[in-house]
Amino acid sequence: MERLQKVIAHAGVASRRKAEELIKTGKVKVNGKVTVELGTKVTNSDMIEVEGVKIERENKVYFLLYKPTGVISAVSDDKKRKVVTDFLPYVEERIYPVGRLDYDTSGLLLLTNDGEFANLLTHPKYEVHKTYVARVKGLVSRESLRKLEKGIKLEDGMTAPARAKVISADKTKNKTIVELTIHEGRNRQVRRMFDAIGHPVQKLKRERYAFLHLGGLSTGDSRELTPHEVKQLRALAESGPK
Numbered sequence: 001m002e003r004l005q006k007v008i009a010h011a012g013v014a015s016r017r018k019a020e021e022l023i024k025t026g027k028v029k030v031n032g033k034v035t036v037e038l039g040t041k042v043t044n045s046d047m048i049e050v051e052g053v054k055i056e057r058e059n060k061v062y063f064l065l066y067k068p069t070g071v072i073s074a075v076s077d078d079k080k081r082k083v084v085t086d087f088l089p090y091v092e093e094r095i096y097p098v099g100r101l102d103y104d105t106s107g108l109l110l111l112t113n114d115g116e117f118a119n120l121l122t123h124p125k126y127e128v129h130k131t132y133v134a135r136v137k138g139l140v141s142r143e144s145l146r147k148l149e150k151g152i153k154l155e156d157g158m159t160a161p162a163r164a165k166v167i168s169a170d171k172t173k174n175k176t177i178v179e180l181t182i183h184e185g186r187n188r189q190v191r192r193m194f195d196a197i198g199h200p201v202q203k204l205k206r207e208r209y210a211f212l213h214l215g216g217l218s219t220g221d222s223r224e225l226t227p228h229e230v231k232q233l234r235a236l237a238e239s240g241p242k
């Protein structure tokens, strides 16, 4: 069940705040009866009318995108730069990204029109793990890896414990490839963590999101999640620390 104003907003009729005003002023009917209570919850089988017009509800959809670099994790951009939804023109529903990947970061990004699902996956308390592969400047020592694993003090607080390992190191080119797994989603967190240990990121890619990976996809490709994958993600998030 979902709150009535949320369903109205999600159907594209009005913003959440405007939907609340419509409810309070008696302009919304549920199954033929005027409803003025903001706490009202409805199911998919309930018929909702706004100012005499029946609303059409979208089916919930879930997609995985291999986001390229140079793309904004948004549905629009005032600077006319490419956004992630440009890569899913075949999707009729109004989807949006679950969390974000930086403009200059590539990799796995989920998109949906299911707000509850998106909140479940992005809320810090649910601890959904995300794995990144970073090419960083310099040769990363075991001591620096331990700092990443224990937590780094950033301007917005300590990061949670992480998993880190060196995939390869090139002394000639003075660079290291590091795999880092975190469950937080702060702004540019991975880059800031590496900056804090003196190894600026040169290239960054999100390889995995929980059990999902990019296998079989090329940059810019996307696919729909299976119902089982959606169910697994929900179960994984809901079973995490609260």
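Sequential numbering of the sequence shown, starting at 1, is according to UniProt numbering.
Note that the Cβ used here is the ideal one computed from N, Cα and C, for glycine as well.
**Request:** Measure the Cβ-Cβ separation of Ile-95 and Leu-101 and say whether it is below 8 Å.
**Result:** Residue 95 sits at position 95 when you count from the first residue of the sequence shown. Residue 101 sits at position 101 when you count from the first residue of the sequence shown. No, they are not a contact pair.
**Prompt:** DSSP on Thr-85, reduced to helix/strand/coil?
**Reply:** In the sequence shown, residue 85 corresponds to position 85, counting from 1. Secondary structure of Thr-85 (DSSP, three-state): helix.
**Prompt:** What's the C-alpha gap between Pro-161 and His-129?
**Reply:** Along the sequence shown, one-based indexing puts residue 161 at 161. Along the sequence shown, one-based indexing puts residue 129 at 129. So the alpha carbons of these two residues sit roughly 11 Å apart.
**Request:** Look up Gly-215 in the DSSP assignment and say whether it is helix, strand or coil.
**Result:** The count along the sequence shown starts at 1 and reaches residue 215 at position 215. Reduced to three states, the DSSP call for Gly-215 is coil.
**Request:** Have a look at Lys-242 and Lys-125 and give me their C-alpha separation to the nearest angstrom.
**Result:** Counted from its first residue, the sequence shown places residue 242 at position 242. Counted from its first residue, the sequence shown places residue 125 at position 125. Its pLDDT being 48, under 50, Lys-242 is placed unreliably in this model, and the coordinates cannot settle the point.
**Asked** Contact check, Ser-106 vs Lys-67 under 8 Å by CB: the rounded distance?
**Response** Within the sequence shown, residue 106 is the residue found at index 106, counting from 1. Within the sequence shown, residue 67 is the residue found at index 67, counting from 1. With 8 Å as the limit, Ser-106 and Lys-67 qualify as a contact, their Cβ atoms being about 6 Å apart.
**Request:** Inspect the CB distances between the segment 131–144 and the segment 202–214 and report whether three or more fall short of 8 Å.
**Result:** A contact exists between the segment 131–144 and the segment 202–214.
**Request:** Using three-state DSSP, classify Thr-122 as helix, strand or coil.
**Result:** Counted from its first residue, the sequence shown places residue 122 at position 122. Three-state DSSP puts Thr-122 in a helix.
**Item:** Neighbour-count burial assignment, Arg-223, 16 or more Cβ in a 10 Å radius
**Value:** Looking up residue 223 in the sequence shown gives position 223. The residue is exposed, with fewer than 16 neighbouring Cβ atoms inside 10 Å.
**Beta carbon of Glu-179 nearer than 8 Å to that of Thr-131** = Taking the first residue of the sequence shown as 1, we reach residue 179 at position 179. Taking the first residue of the sequence shown as 1, we reach residue 131 at position 131. Closer than 8 Å, so yes.
**Request:** Quick one: using the 10 Å Cβ neighbour count with 16 as the cut-off for buried, is Ile-8 buried or exposed?
**Result:** Stepping through the sequence shown from its first residue, residue 8 is reached at position 8. Residue burial annotation: Ile-8 is buried, with at least 16 other C-beta atoms found within 10 angstroms of its C-beta.
**Request:** Compute the Euclidean distance between the alpha carbons of Ile-182 and Thr-35, then round it to the nearest angstrom.
**Result:** Here residue 182 refers to the residue found at position 182 when the sequence shown is read from its first residue. Here residue 35 refers to the residue found at position 35 when the sequence shown is read from its first residue. The straight-line gap from Cα to Cα measures roughly 44 Å.
**Request:** Assign Thr-159 to one of two classes, buried (16 or more other C-beta atoms within 10 Å of its C-beta) or exposed (fewer than that).
**Result:** Stepping through the sequence shown from its first residue, residue 159 is reached at position 159. Buried is the call here.
**Message:** Whether or not the segment 108–118 and the segment 56–76 are in contact is what I'm after, with contact meaning three or more pairs of Cβ atoms, one per stretch, closer than 8 Å; do they touch?
**Reply:** The way I'd put it, the segment 56–76 does touch the segment 108–118; three or more beta-carbon pairs between them come closer than 8 Å.
**Request:** Mind checking who Ile-177 pairs with in its DSSP beta bridge?
**Result:** For the purposes of this step, residue 177 is taken as the residue at position 177 of the sequence shown. BP columns for Ile-177 point to Arg-135 and Ser-168.
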